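Residues 1 to 448 (the UniProt record's numbering) make up the sequence shown, in order. A virtual CB, placed ideally from N, CA and C, is assigned to each residue, including glycine. In this text the structure is predicted, and so the values were computed from the model without any measurement. Below is one structure, written out as structure tokens, with a few remarks after it.
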Amino acid sequence: MKPIPSRRGLLLGGAALALSGCETIDGIFGDKKTPIPGERLPVLQQDRELAIDPAAAGRPVQLPPPAARAEWPVAGGTLSHDPGNVAVGEGLREAWRASIGTGSSYRRRITAGPIVANGTVFTADAFGTVSAFDAAGGARRWTRETTPEKDDVGAVGAGLAFADGTLYAATGMAEVLALDPGTGEVRWRAPVGAPTRGAPSVAGGRVFVPTVENQLVALSTEDGRKLWTYRGAVVSAVPLGLPAPAVEGESVVAGLPSGELAALRASDGRVIWTESLSAGPGGQRGSMAELAGVRGLPVITDGRVFATGQAGTSLMVDLRSGRRLWERDVGSNYSPAVAGDWVFVVTPENQIVAIGRTDGRVRWVNPLDERSARDRRRNPVTFGSILVAGGQILVPSSLGELLLVDPAEGGVAGRIKLPGGATLAPVAAGGTVYLVTDDGTLVALRGA
């Protein structure tokens, strides 16, 4: 029997539907075009034009040389979420594909992408079922359900991290599991008090887990005991995906559903500084600001923290002091990418933007959806979290394509057909790009 969706899942699904259809009820309750009376307010304050900064217009966008990565053990590739320009072969094409289980649907979502470690690709489907695949050829090695035996509701997604010979799974059933990466056997499982909806980060003997209750929980890697909890502001709604915190040294930086960006001491959770991304341009807040949290991964690079929020604000902050270095009216629902002196962001308006890392100046802005206005209205598209690899920007699309964007000027230089739509970030390890489509297909792409 299929698991019965939880009340929380139904509420979150309803919130997602509200966001996707707030302008009209056509197609749900009929074709009547009568407008709803009352003042229209932008939901997340994204109604504005981005423009190239004249001071940055002539600056060349150069990426650092591609660097080989043998593994991708955590969300974002590294604990700081700053993998740079990852080396992959030219002429990427599909090498193999495999089903990871249940794909995303109205009520359930795959909430985190794959990770790669020890020659194995680890995935979690929309029910939180974890699977391991041979990275070279795609053969399935094992599968482990994460739902507790006494609970027949079923987990809503799971996020993964690998460290020191252990695979960690943070589940939608408000638990973290430590698994044997070779067999999938459970070493320990521990409650965190609320569903997680994203991937954990692991460093210094601690597992850092974001939850839908606007908290960051730290557990011991030894036995799962709770070490500390940071509690942010109370929120009434959260996104279906939560970003893994970034870690550097003794600092943990978490983006929370409330729009808070919090830097904490890894040892005890003490606050170093906090910032807010919940306000839009000029400090304005949209009519549904409670949904304007942080979904994209925060990035630590050269002692600075970059983060972007759904409300339409991006920040660069000094890691040590929390001093705001620059702010731009550019928001995103997905994870950005930082490579060399540049930050790349996909906006809710389906534009890709290059921003100078040191000064926040916009170098170029380009549309990703090049279809006609009629096609855009009839079949809307979502572009997801991005990866810089092989000297290009890889952008997944809900229309079943992986776009290859030229970093020099932001134009679409190529497209790779995928077996389904995708919005989770691609990852790269061993010269191969791996991504999971929304229908639950793991795809491996290799070049020459």
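Under the three-state reduction of DSSP, Asp341 is assigned to coil, being neither helix nor strand.
Secondary-structure assignment with DSSP links Gly198 through a beta bridge to Leu242. 8 Å or more divides the Cβ of Ala425 from the Cβ of Thr437.
When Cβ pairs closer than 8 Å are counted between the two stretches, the region 49 to 59 is seen to touch the region 348 to 366, the count reaching three or more. Secondary structure in the region 124 to 170: the beta strand (DSSP E) runs of 3 residues or longer, each lying completely within the stretch, are 130 to 134, 140 to 144 and 158 to 163 in chain order. Taking a contact to require three or more Cβ pairs closer than 8 Å, the region 219 to 237 and the region 96 to 104 do not qualify as touching. For the options Gly331, Gln392 and Ile355, the alpha carbon positioned closest to that of Trp342 is the one of Ile355. Rounded to whole angstroms, the gap between the alpha carbons of Val186 and Tyr168 is 10 Å. Contact check for Ala254 against Pro210 passes: the beta carbons are separated by less than 8 Å. Taking Pro60 as reference, the option from Arg361, Arg141 and Gly390 with the minimal CA-CA separation is Arg361. Counting only residues of its own chain and dropping the five nearest sequence neighbours on each side, Asn85 has a CB closer than 6 Å to the CB of Leu63, Pro64, Pro66, Ala339 and Val388. A straight line joining the alpha-carbon of Arg377 with that of Asp369 spans about 11 Å. The bridge partners DSSP lists for Pro396 are Leu402. Here Thr147 is buried: its Cβ has 16 or more other Cβ atoms, across all protein chains shown, within 10 Å.
Taking 8 Å as the cut-off, the beta carbon of Pro407 is found no closer than this to the beta carbon of Val443.
Look at Arg357 here: in three-state DSSP terms it is coil, with no helix or strand label. Thr111 sits buried, since 16 or more C-beta atoms from the chains shown fall within 10 Å of its C-beta. Note that the C-beta distance between Leu79 and Ile115 is not below 8 Å. Rounded to the nearest whole angstrom, the C-alpha separation of Trp273 and Ala124 is 33 Å.
Secondary structure note for Asp318: its beta strand (DSSP E) is the uninterrupted segment Ser314 to Asp318. The C-beta of Val88 has 16 or more other C-beta atoms within 10 Å across all chains shown, which makes the residue buried.
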